[in-house]
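> 9 is the number of the first residue of the sequence shown in the numbering used here; add one for each residue after it.
A virtual CB, placed ideally from N, CA and C, is assigned to each residue, including glycine.
All figures in this text were calculated on a predicted structure; none of them were measured in a lab.
Take this structure, written in structure tokens, and hold onto it; I'll ask about it next.
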Amino acid sequence: MQDRDYYLSFRNKYEPKQLTLLIVAESPPVSGLYFYNPIGKTSGPLFAALMRQIAFSLSNKEEGLVQLQQKGWLLVDATYEQVDKNKRRDETIVRDYPLLRDDLIRLSPDRAVPLE
């Protein structure tokens, strides 16, 4: 299991200069196939779904991540502890809510960026 800083080091590389959409997901998956890791499969359900939403056909994951960045979309996790196989998932997300709240406020201080 990786810590929050590990995941943020990947995410920060693709943080858009101008945000147009914040997407809140649950957590990095237990599989280790983190959304923002450019060395990964493009066929992951979440990644593939977002590529369909922006109608982008790609040859590698890095291209897709850059495309999302250019579009101004950023995916943040409610917690950076892997909880998809954890019976204490809800407790973990509630525990980490202050971190999520602070992250969202930093990303959109005026709260003008839509959340999905």
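(1) Using 8 Å as the threshold, is the C-beta distance between L125 and I113 below it?
(2) Can you tell me whether T87 is buried or exposed, with buried defined as 16 or more other CB within 10 angstroms of its CB?
(3) Measure the beta-carbon distance from R19 to Y44 and round it to whole angstroms, keeping in mind my assumption that it falls under 8 Å.
(4) Measure the C-alpha to C-alpha separation of L107 and F64 and round it to an integer number of angstroms.
(5) State the Cα-Cα distance for the pair A56 and D118, rounded to the nearest angstrom.
(6) Please identify the residue among G48, L66, V84 and N68 whose C-alpha is closest to the C-alpha of L123.
(7) Shortest alpha-carbon distance to S39 belongs to which of R97, R60, D92 and S116?
Quick look at the numbers:
(1) Past the edges of the chain, shown from 9 to 124, lies residue 125, and the structure says nothing about it.
(2) buried
(3) 5 Å
(4) 31 Å
(5) 30 Å
(6) Comparing alpha-carbon positions, the option among G48, L66, V84 and N68 lying closest to L123 turns out to be V84.
(7) D92
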